[in-house]
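Remarks on the structure that follows.
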Amino acid sequence: MTHSLSVREARKIVLYSQCLDNRRHFGSGTDGTLEAIEHLGYVQLDTLSVVERAHHHTLWNRLGKFQPLHIDQLQREGQIFEHWAHALALLPMKDYRYSLPMMNR
621 MTHSLSVREA RKIVLYSQCL DNRRHFGSGT DGTLEAIEHL GYVQLDTLSV VERAHHHTLW
681 NRLGKFQPLH IDQLQREGQI FEHWAHALAL LPMKDYRYSL PMMNR
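My numbering runs 620 ahead of the 1-based position in the sequence shown.
Encoded structure:
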């Protein structure tokens, strides 16, 4: 059985799955930031800053009241870590074990 989607339906699904549909998917503060990173799987770090660093935009668009210090706090608490996936990224510590083979090369 085939089901067709309109462009509008497809757009809604994509925006919802990426948590960009203006709904509150996550809590606030560091808890919300961690929830967003865990949902996304990783957030690619970007050193370029025209208005603000891109990974801050990624989180701000999903959390609203995101503050960059949330990342610092989560790293200090051992909740997230930086690792080179296909690019430098923030990953949730619950996925650390999956990065070990790459780290041990």
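Ideal Cβ positions, reconstructed from N, Cα and C, are used throughout, including at glycine. In this text, all values refer to a predicted model and were calculated from it rather than measured experimentally.
By Cβ distance below 8 Å, which residues in the same chain neighbour residue i in space, the five residues on each side in sequence not counted?
i: tyrosine 636; result: Arg643
i: glutamine 699; result: Thr650, Leu654, Pro712, Met713
i: methionine 723; result: His703
Look at residue i and residue j and say whether their C-beta atoms are less than 8 Å apart.
i: glycine 640; j: leucine 710; result: According to the sequence shown, residue 640 is leucine rather than glycine. Going by C-beta atoms, leucine 640 is not nearer than 8 Å to leucine 710.
i: arginine 682; j: phenylalanine 646; result: yes
i: phenylalanine 686; j: leucine 694; result: no
Tell me, please, which residues DSSP counts as bridged to residue i.
i: glutamine 664; result: Ala709
i: tyrosine 700; result: Going by the sequence as given, residue 700 is isoleucine instead of tyrosine. The partner list for isoleucine 700 (beta bridge, DSSP) reads Pro712.
i: serine 669; result: Arg673
Name the residue from the options whose alpha carbon lies nearest to the alpha carbon of residue i.
i: alanine 707; options: Thr667, Arg628, Arg717; result: Thr667
i: leucine 660; options: Ala674, Gln638, Val670; result: Gln638
i: aspartate 715; options: Val671, Arg725, Ile691, Ile657; result: Ile657
i: glycine 652; options: Arg717, Ser626, Arg673, Gly684; result: Gly684
Once you ignore the five residues that flank residue i on each side, which residues in its own chain have a CB closer than 7 Å to its CB?
i: proline 688; result: His676
i: tyrosine 662; result: Ala705, Ala709, Leu710, Leu711
What residues in its chain sit with their C-beta under 6 Å from that of residue i, if we drop five residues either side in the sequence?
i: proline 721; result: none
i: serine 719; result: His703
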